[in-house]
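In numbering that gives the first Met the number 0, the protein residues as written are 0 to 443.
A short worksheet on the structure shown next.
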Amino acid sequence: MNKHLTLLALSAMYLSMVAAPRRVHTIGDSTMSDYKPAATPKRGWGMYLQAFFNPDSVTVNNRGKSGASTRTFYTTDNLWPSVKTQMHEGDYLIIQFAHNDEKCKGEDVYEQNARLRAEGKDTLTDMRGTEPNTTYKEFLRTYIREAREKGVTPILMSPICRVYFKDGKINAEGRHDLTPSNGPTTNKNYVRCMREVAQEMSVPFLDMTERSREFFEQQGKEYCMTHYFNCGDKTHTSAEGGMVVASLAYELMINSPELAEMHPWLVFPSKEQYAVYARGIEESGKKAAFAAKGTPFSETLQPTNLSNLETLKQAYMPTGGLWPAGEIDEVANRYIEYSIAAEKKKGLVIESISVPVKAKGGAGMNIHINYGFGETFKGVTTIYENTALKKNKKELIELDQPILVPAGETLHIRILPWYDSNGQPQKGKRLEVGELRVKGKRLL
């Protein structure tokens, strides 16, 4: 009897494993990542990809991260290592990076810093930049190798275009080609380098850069900026833009002979299905009330950690006082951090966060407010974004999105500033931050 029960149990376990949907994991930057609808109008295309797969066959695990490059996604504790724990044999991994790898104009930040130190100059604090022929390629190879070690099929997908129009066409920089037009003709084309890695390692390559270029040029600059990129910049898509790019991803996959195994799982939703799926995403951002009983509290938190920032009269600026050129998104290792811990046996709920901020010296200051848990900042979530703080005007940020802090966990809240320098490094720009106050309940 016991033998028969054991066989039945093993058979049931096997059938459940076979029937379980496999996963398509996506790793990349802010153009792919998830966003809370209540925090920002931005939507990453990865938020909509599930709509193009039969949910009984495939679950999309969107792990794109705002501000990530191939280097920082790999080296940040709670990113690539946690994706690897979620991957299983038979899964797929879509890899799409370049926007933040370009931070040093096609140079590697470590090599650039070595030159600056040799010249006695201040080094850069933004460590995302990779050189397309060397470090960018090597990080892509590393993701491919480590995915294959897990029995996962890697797919290289080139990044969506930035809508940098000139005379009705998207220019080279918008297509991620930083090859100088004069001087040495060194290849600084990230898309070309990704394609070369795909050929070298026999990996499917989906050219989203070219496909999005074709599509955006057909629509025209004005239509794109009104409908697809109405988030205050030319890089991040709105809800409509995110859905469009996801549909282009479907098109590239269904037309790829190398991905024939995936084709039976792919579906193209009707307009009605699409509308329901999109509405579900938007409604997920509505505030959820916690009904848990507890003792109310209100605390003013002091900064517990500064990373790559220095202070001047309660204002913050990058170490060395210089905001780098070309920043379009948060810099994950530049932040002001606040912490609050739950008791070992009792959790707590943060019901509201408030903090006054002021941009001093210029109108290009931007901020995110993120939270995460523990030393590795796991479960990172963006709960506030402002990409156009008004110059010299105090703004009170008030957030009412509840956060549950489990017993024994420490919640970390980070304010991440960056500056839209319009192509030039900037000095004398500062972010003033007042007292950060949290209110909530200590659970009974």
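Here a beta-carbon is modelled for each residue, glycine too, at the ideal position from N, C-alpha and C.
- A50 sits buried, since 16 or more C-beta atoms from the chains shown fall within 10 Å of its C-beta.
- The DSSP-derived three-state label of A331 is coil.
- Taking the Cα positions, K389 is about 19 Å away from L398.
- The C-alpha of V57 lies about 17 Å from the C-alpha of W44.
- Judged by DSSP in its simplified three-state form, R174 adopts helix.
- When rounded, the separation of the alpha-carbon atoms in R147 and L115 is 38 Å.
- A distance below 7 Å between beta-carbons, with the five flanking residues on each side excluded, links I253 to the following residues of its chain, in chain order: H262, L265.
- Taking C-alpha positions only, M224 is separated from E118 by approximately 42 Å.
- Going by DSSP, T84 is part of the alpha helix (DSSP H) stretching over 79-85.
- Short of 6 Å from the beta carbon of E172, and not among the five residues preceding or following it, lie these beta carbons of its own chain, in chain order: Y163.
- Of the residues E350, Q400, Q85, S211, the one whose Cα lies closest to the Cα of S246 is S211.
- Taking all protein chains shown into account, F267 has fewer than 16 neighbouring C-beta atoms within 10 Å of its C-beta and is therefore exposed.
- The beta carbon of K292 lies closer than 7 Å to those of L443 in the same chain, with the five residues before and after it left out.
- DSSP places I280 within a helical segment (H, G or I) once states are collapsed to three.
- Boundaries for A290: no alpha helix (DSSP H) harbours it, and the DSSP string shows neither H nor E there.
- According to the DSSP assignment, E309 belongs to no alpha helix (DSSP H) but to the beta strand (DSSP E) extending over 308-311.
- Residue state for E397 is assigned as strand, using DSSP reduced to three classes.
- Within the segment 95-140, the alpha helix (DSSP H) runs of at least 4 residues that lie entirely inside it are, in chain order, 108-117.
- With a threshold of 16 other beta carbon atoms within 10 Å, T299 falls short and is exposed.
- At the C-beta level, I280 and M46 come within 7 Å of one another.
- Cβ atoms of D232 and S65 stay farther apart than 8 Å, at about 13 Å.
- R174 and G167 have their C-alpha atoms some 14 Å from each other.
- At the C-beta level, R429 and G363 stay beyond 7 Å of one another.
- With respect to the 7 Å criterion, P355 and K393 are classified as neighbours on the basis of their beta carbons.
- Closest option to R436, judged by alpha-carbon separation, among L403, P405, L410, I352: I352.
- Between Y73 and V23 a beta carbon distance of about 20 Å is seen, past the 8 Å cut, so the two are scored as non-contacting.
- DSSP places R70 inside the alpha helix (DSSP H), whose first and last residues are 69-74.
- When beta bridges are read from the DSSP output, T386 appears opposite no residue.
- When rounded, the separation of the alpha-carbon atoms in C230 and P20 is 34 Å.
- Separation of the CB atoms of G373 and E408 is rounded to 7 Å, and the pair is thereby assigned contact status at 8 Å.
- Inclusion of M207 and I159 in the CB contact set at 7 Å is warranted, their separation being smaller than that value.
- Here DSSP, grouped into helix, strand and coil, assigns H235 to coil.
- Contact annotation: V108 and G128 have beta-carbon atoms nearer than 7 Å.
- Rounded to the nearest angstrom, the gap between the Cα atoms of R70 and R191 is 18 Å.
- Secondary structure of E408 (DSSP, three-state): coil.
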